[in-house]
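The opening residue of the sequence shown carries number 87 in the working numbering; numbering runs sequentially from there.
Working notes, beginning with the structure itself.
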Amino acid sequence: MAPAIYSPPSERVAVVTGGNKGIGLEVCRQLASNGITVILTARDEARGAAAVEQLTAAAGLSDVIFHQLEVTDAQSIARLVGFLKERFGKLDILVNNAAVGGVQPLPVQDVSAEELSGMDASQRYEWMWKNVQETCDAAKEGIQTNYYGTKNVTEALLPLLQASSGGRIVNVTSEWGLLSYFRNEELKQELNDVEKLTEERLDEVLAMFLSDFEAGDLEARGWPLAFAAYKVAKAAMNAYSRVLARRHPELRVNCAHPGYVKSDMTRHSGLLTPEEGASNVVKVALLPEGGPTGTFFALGQEAPFV
Ligand SMILES: NC(=O)c1ccc[n+]([C@@H]2O[C@H](COP(=O)([O-])OP(=O)(O)OC[C@H]3O[C@@H](n4cnc5c(N)ncnc54)[C@H](OP(=O)(O)O)[C@@H]3O)[C@@H](O)[C@H]2O)c1
Numbered sequence: 087m088a089p090a091i092y093s094p095p096s097e098r099v100a101v102v103t104g105g106n107k108g109i110g111l112e113v114c115r116q117l118a119s120n121g122i123t124v125i126l127t128a129r130d131e132a133r134g135a136a137a138v139e140q141l142t143a144a145a146g147l148s149d150v151i152f153h154q155l156e157v158t159d160a161q162s163i164a165r166l167v168g169f170l171k172e173r174f175g176k177l178d179i180l181v182n183n184a185a186v187g188g189v190q191p192l193p194v195q196d197v198s199a200e201e202l203s204g205m206d207a208s209q210r211y212e213w214m215w216k217n218v219q220e221t222c223d224a225a226k227e228g229i230q231t232n233y234y235g236t237k238n239v240t241e242a243l244l245p246l247l248q249a250s251s252g253g254r255i256v257n258v259t260s261e262w263g264l265l266s267y268f269r270n271e272e273l274k275q276e277l278n279d280v281e282k283l284t285e286e287r288l289d290e291v292l293a294m295f296l297s298d299f300e301a302g303d304l305e306a307r308g309w310p311l312a313f314a315a316y317k318v319a320k321a322a323m324n325a326y327s328r329v330l331a332r333r334h335p336e337l338r339v340n341c342a343h344p345g346y347v348k349s350d351m352t353r354h355s356g357l358l359t360p361e362e363g364a365s366n367v368v369k370v371a372l373l374p375e376g377g378p379t380g381t382f383f384a385l386g387q388e389a390p391f392v
């Protein structure tokens, strides 16, 4: 039997991953304020429902719907796909926002507003770096969530994005995913050569990274240092986005760096508010039809991947 599709054809539907807090929650708010029906997803039902309540009851936005999504869980992804297929029959915008830091935070207090006021961005990064530990488990989680989570959600939602007349994907990236952090020149060039690069090769590169991480060989082998797993996962996600953009010219697939934002991920050490960071993502999500694809946007402006 054909699925029941309740949405009027003009309704635009967006999915945001990791929508329960931080930048993701603000992306949901801003998309919904632009008249888009937003599926706010979160891995935790209670946190997700509370976030939807915040947007609907408190902010008066009616078109925000919760759906559970753990991006590393194939069954959870499949349930979201089933829900969207039945309810809307298409997806117009996918914002892959969910991510982790790829490090083990040390049990210290967040930096106070007073301390922060005297610190520039690099001093704030240094503060973050001093208060984390790089462990194999956290690095693996970083690669699994930030790269494979994004990729698996995207691949599962591709048919629904193709059913839209203007399907678009925004992968929330970071300036830390720039290829300039790679000191292995050959690898840097390979990751930048998106005509030749394949997803299979990206799998090999990530396996190589984790094996060098375990062996304590990151420095010797020219990998990015300090928050290494985060940087490598975001660089791989950027490369995948460019490969995907070539594979699917009918879609718009872009990467957006929101800026250095006060959120749980940065322990509230950032320079921008979540609203400001989210607006740099939403700007890319709402680019006019026929706009750029396979492009990196930093703070809302086109910029190089290197
Ligand atoms: N903050 C910055 O300065 C900055 C800079 C550059 C890029 N970014 C990027 O911006 C995005 C949002 O970051 P943020 O700063 O808003 O961080 P955040 O406040 O820590 O939020 C991260 C979100 O991702 C969710 N998440 C983590 N793992 C997940 C999983 N396996 N499945 C589903 N959801 C998962 C979290 O859910 P829980 O609440 O359940 O943990 C949370 O909703 C990330 O992609 C990050 O890399 C941030």
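Every residue gets a Cβ at the ideal spot worked out from N, C-alpha and C, and that includes glycine.
T231 has its CB nearer than 6 Å to a heavy atom of ligand 1. With a threshold of 6 Å, the Cβ atom of P310 does not count as near ligand 1, since no heavy atom of the ligand is closer than that. With contacts defined as CB atoms closer than 7 Å, C341 and T259 qualify as a contacting pair.
In the DSSP assignment, Q275 falls within the unbroken alpha helix (DSSP H) covering 271-278. In the DSSP assignment, A389 falls within the unbroken beta strand (DSSP E) covering 387-389. Excluding its 5 nearest sequence neighbours in each direction, R269 has C-beta neighbours in its own chain below 6 Å: G308, listed in chain order. Of the candidates T284, E290, T352, A331, the residue whose Cα lies closest to the Cα of Y316 is T352. Beta-carbon to beta-carbon, V102 and G110 are separated by about 5 Å, close enough to satisfy the 8 Å threshold. Separation of the CB atoms of S250 and K176 is rounded to 5 Å, and the pair is thereby assigned contact status at 8 Å. The Cβ neighbour count for E220, taken over all protein chains shown within 10 Å, is at least 16; the residue is labelled buried.
Checking the DSSP bridge columns, you'll see Q190 partnered with Q219. Setting aside the 5 residues that flank it on each side, M214 is surrounded in the same chain by T352, R353, S355, each with a C-beta closer than 7 Å to its C-beta; the list follows chain order. Contact between the region 188-202 and the region 130-146 is absent: fewer than three C-beta pairs spanning the two stretches fall below 8 Å. Look at F383 here: in three-state DSSP terms it is strand. Within the same chain, and ignoring the five residues on either side of N217 in sequence, the residues whose Cβ sits closer than 8 Å to its Cβ are P191, L192, V194, R353. Per DSSP, the unbroken alpha helix (DSSP H) holding V370 starts and ends at 360-371.
Take the alpha-carbon of V113 and the one of R173: they are about 22 Å apart.
In the three-state reduction of the DSSP assignment, V291 falls in the helix class.
Remark: the shortest separation between the CB of A185 and any heavy atom of ligand 1 falls under 6 Å. Per DSSP, Q116 is one residue of the alpha helix (DSSP H) stretching across 108-119. Under DSSP, the beta-bridge partners assigned to F152 are L126. As a beta-bridge residue in DSSP terms, H343 pairs with A384. Between ligand 1 and the CB of V197, the shortest heavy atom gap is not smaller than 6 Å. Judged by DSSP in its simplified three-state form, N183 adopts coil rather than helix or strand. Judged by DSSP secondary structure, A242 falls within the alpha helix (DSSP H) whose first and last residues are 236-248.
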